[in-house]
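Structure record follows, encoded as structure tokens.
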DNA sequence: CATCCCCCCGCAAACGATTGCGCTGCCTCG
DNA sequence: CGAGGCAGCGCAATCGTTTGCGGGGGGATG
């Protein structure tokens, strides 16, 4: 017979209840339940306690435990928007190393809003997270510096902050962009544009700078670099429209990321342009299902899962040994050539 | 001058520190800081306390607060895999109503593994979440019943459990599948298959049943219903291969979800079949970027954000008034016709 | 048989906040 | 001038665990 009135549950059993049921003191019960301290207790007593615990369905109250031990076993993961397919793999990567390491991950979204970011991080801190992994793309604002000064352990993903010795892990944007430009140049393109992400983000700026260097290295013009207001399909589309209107000679574009590239696809459809025959496009990130697009999108694959995993490893390191000097690492990316790039039309 | 040794941070200030700085008792400080109780304190004192708090950078320790008040302001959100594009919108939907409601959301992944699910839920409970939103697809297993008996407040997404009065919100699968079948039948298809999701999931079973009814209503055969082992592209592909081998006459398929439909695309590419000319496909869910596929996938759009938001509203309701009878709601879905469906070839 | 040691276990103090209760002192009113 | 009331604040208990310390009892040893 199941409980007919689940709305009036008996309160959850506490350690006291277990101790009483086993006829011991709470201290003894506590030690018996903790594998680390169990050897201080006679096997017989330990058995009795554990039996009582399981009979009562005892679950330790980790709020109380955290208060006493001042360890929560929790780290915060700050991302802009879970809905961006970029981030779920990062999240899973982080979890894949933190959970076996005994930590749980608390995810918050900031929507790239400074105020929300502050509020969310405050909330995480008041919940006593032991560390932070920050994967938001905003360039340096005082918050990070402030946190660092307060001794908050953290590691950054996809973001560097100038003059701040905080560990960071990022994809090798420079090499990725260079590979993309080289690929297009080798196909014979001479007027290559870059639809950059917002230059207020560290990633947007890095890729734009890398693009400029890459085209210069090939002796190509570096003035075709409109900026998208956001990393979104619609902003990519409007940037592409403007570009086409103002610089009709463009035959290839390196998009700041895959979403921006998708925006280009929309414009092609609008204007009856053919990709890759009329214009080639390269994305960035290699988010899922790009191989099923029309045409399949050539892009730069970034190892997002690894990005997350590596960041998590670095955080574990800094939690273990806080004095370790902050190192930053760059993960290799790779150009994956699909169907959205081809030699320019020769007419 | 920034702190040169962030590895030895001064411990975070406590309410005591604030109280001492303001020259009052902790009780007074507590009341002064809490807007609800602030009127018990003289304006002058309150000001002094608040000033001291902000000077010290005081952040209330919500672990201690939770222990005392036995309220954590946290609810758990249990999903199978954040990487499945289905879930991020649900997550955001949940957050969009819970955060304004004063709650924070803790997300966990189960990977559809029973053991992981149990462990994750245990972890959430030990952290004293006040409610649970469960969006995993496994059919009834004893865990849910157990939780319900223990009086755990929860609401289910995309899942019903038989004989259990737990609120649930789901998409209207029956109507969606019927619309898909009707669309195909109207185009002239007579041999329509269903690549069902795993029948161990509530969704898989519901859609399969709905499909059976729908084809019968149209006087069509109901024996073309292979089951996919998982909701994945690769399992969709193998099911499609088998189907094609055994029932070459099939001209249209209703896939259990979009991923399975994508698996069909892979098989078409392998075998040189044309979609929709040789065979039509309909997906389910309308995950992002389906309009950019080759061909754009016809699918049934499920309002995932709303699913999450509605579930969150129901959870808020049950948290407020636990005795309210559990109601379940069905959200309307809609067929969105794109390029993957057409009349069968007439040869 | 006495001594010592060590194994088990209980005592009690924390962790940082909240909150019912009661005390003080001032103001008001009869 | 005295009594009552109330505003403002402090006292101390409490939430559920963990953990240093000490004590009692049993076994081994001389």
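Residue numbers (the working numbering), protein chains in the order written: chain D, 3 to 349; chain C, 3 to 349.
All residues carry an ideal CB built from backbone N, CA and C; glycine is no exception.
As the structure is a prediction and not an experimental result, all values here were calculated from the model.
Which residues of chain D have a Cβ atom closer than 7 Å to the Cβ of residue i, listed in chain order?
i                      : result
residue 426 of chain C : The question about residue 426 of chain C has no answer here: the residues shown for chain C are numbered 3 through 349.
residue 69 of chain C  : 65, 66, 69
Does DSSP classify residue i as helix, strand or coil?
i                      : result
residue 5 of chain C   : Low per-residue confidence applies at residue 5 of chain C: pLDDT is 41, beneath 50, and the placement is therefore not dependable, though the value from the model is reported in the following sentence. Residue 5 of chain C: coil per DSSP, three-state reduction.
residue 329 of chain C : coil
residue 72 of chain D  : coil
residue 220 of chain D : coil
residue 296 of chain D : coil
residue 129 of chain C : coil
residue 92 of chain C  : helix
residue 120 of chain C : helix
residue 310 of chain C : helix
residue 175 of chain C : helix
residue 43 of chain D  : coil
residue 213 of chain D : helix
residue 196 of chain D : strand
residue 304 of chain C : coil
residue 281 of chain D : coil
residue 2 of chain C   : Outside the displayed range of chain C (3 to 349) lies residue 2 of chain C, so it cannot be described from this structure.
residue 254 of chain D : strand
residue 347 of chain C : coil
residue 320 of chain C : helix
residue 86 of chain D  : coil
residue 114 of chain C : coil
residue 244 of chain D : helix
residue 276 of chain D : coil
residue 336 of chain D : strand
What residues of chain C sit near residue i, judged by a beta carbon separation below 7 Å?
i                      : result
residue 85 of chain D  : 90, 91, 94
residue 108 of chain D : 108
Once you ignore the five residues that flank residue i on each side, which residues in its own chain have a CB closer than 8 Å to its CB?
i                      : result
residue 138 of chain C : 80, 81, 82, 112, 114, 119, 161
residue 76 of chain D  : 105, 106, 107, 108, 129, 130, 131, 132
residue 102 of chain C : none
residue 282 of chain D : 186, 189, 191, 253, 254, 255, 300, 342, 343, 344, 346
residue 84 of chain C  : 90, 93, 109, 111
residue 288 of chain D : 260, 301, 302, 303, 304, 338
residue 307 of chain D : 91, 92, 94, 95, 98
residue 201 of chain C : 207, 210, 229
residue 273 of chain C : 246
residue 126 of chain C : 78, 80, 108, 110, 134
For residue i, go through chain D and note every residue whose CB falls closer than 8 Å to its CB, in chain order.
i                     : result
residue 74 of chain C : 65
Counting only Cβ pairs nearer than 8 Å, list the residues of chain C close to residue i.
i                      : result
residue 291 of chain D : 264, 291, 295
residue 62 of chain D  : 128
residue 97 of chain D  : 111
Rounded to whole angstroms, how far is the Cβ of residue i from the Cβ of residue j, which I believe are closer than 8 Å?
i                      : j                      : result
residue 327 of chain D : residue 128 of chain C : That belief does not hold up - the Cβ atoms of residue 327 of chain D and residue 128 of chain C are roughly 36 Å apart, past 8 Å.
residue 51 of chain D  : residue 29 of chain D  : Actually they do not touch by this definition, with Cβ atoms about 11 Å apart.
residue 296 of chain C : residue 296 of chain D : 4 Å
residue 48 of chain D  : residue 40 of chain D  : 5 Å
residue 226 of chain C : residue 249 of chain C : 6 Å
residue 228 of chain C : residue 212 of chain C : With a Cβ gap of about 16 Å, residue 228 of chain C and residue 212 of chain C do not count as contacting.
residue 258 of chain C : residue 199 of chain C : 4 Å
residue 262 of chain D : residue 197 of chain D : 5 Å
residue 183 of chain D : residue 220 of chain D : 7 Å
Closer than 7 Å: is that where the CB of residue i sits relative to any heavy atom of the ligand ATP?
i                     : result
residue 50 of chain D : For the ligand ATP, the structure offers nothing, since it holds no ligand at all.
Residues of chain C with CB under 9 Å from residue i, in chain order?
i                      : result
residue 125 of chain D : 64, 106
Between residue i and the rest of its own chain, which residues show a CB-CB distance below 6 Å, the 5 nearest in sequence each way excluded?
i                      : result
residue 146 of chain C : 163
residue 8 of chain C   : Low local confidence applies: a pLDDT of 46 at residue 8 of chain C is under 50, so the model's placement there is unreliable, and no value is given.
residue 99 of chain D  : 311, 314, 315
residue 214 of chain D : 224
residue 195 of chain C : 226, 245, 252, 255
Between which residues of its own chain and residue i is the CB-CB distance below 7 Å, once the five residues before and five after are set aside?
i                      : result
residue 321 of chain C : 132, 133, 155
residue 15 of chain D  : 58, 59, 60
residue 143 of chain D : 116
Worksheet item: Is it true that the segment 226-243 of chain C meets the segment 309-319 of chain C, where meeting means three or more beta-carbon pairs spaced less than 8 Å apart?
Response: no
Discussion item. Any contact between the segment 87-106 of chain D and the segment 18-26 of chain C? By contact I mean 3 or more CB pairs, one from each, below 8 Å.
Written reply: no
Discussion item. Within 8 Å, do at least three Cβ pairs link the segment 253-272 of chain C to the segment 324-340 of chain C?
Written reply: no
Practice prompt. Decide yes or no for the touch test of the segment 192-210 of chain D against the segment 168-176 of chain D: beta carbon pairs closer than 8 Å, at least 3 of them.
Written response: yes
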